[in-house]
Structures are given as C-alpha cells and as structure tokens.
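The structure appears below as structure tokens.
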Amino acid sequence: RVGGTQTLKVDTRIIAATNRDLANAVEENKFREDLFFRLNVISFTLPP
C-alpha cells in the first residue's frame with residue numbers, strides 16, 4: 043500500500059511479449075541486461 047510500512051507477501055506472474063530482438067538490444071545497450079535475463083526464463087517463437 044502506498045505509504046505503508048508493513049511487509050505484504052504477493053504471488054505474481056508476468057507475461058511479456060515483443061516483436062523486437064531483445065538479445066540484440068541488450069548488446070546495443072538499448073535494453074537492460076538484468077531485466078532481459080529475468081524475463082527470458084522461457085522463450086518461444088510463434089510463426090507469422
């Protein structure tokens with residue numbers, strides 16, 4: 043809660059999608075490497 047001081051436990055899941063090559067963006071310093079590796083747990087490509 044905003045302004046709260048009590049610790050709250052949460053269970054979250056994040057689904058992220060992009061049409062960009064994030065591995066390449068990391069190499070070009072256009073995307074954060076730490077965020078990329080946290081999001082890139084399971085990666086799959088869908089055909090057009």
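Using the working numbering, the first residue of the sequence shown is number 43, and each one after it goes up by one. Idealized CB from N, CA, C, for every residue including glycine. Remember, it's a predicted structure, so these values are computed and weren't measured experimentally.
Closest by C-alpha distance to residue i, when choosing among the options
i   : options          : result
V52 : L81, R43 and F79 : R43
For residue j and residue i, believed in contact at Cβ under 8 Å, the rounded distance
i   : j   : result
E75 : V68 : 5 Å
F78 : L64 : 5 Å
A58 : L81 : 5 Å
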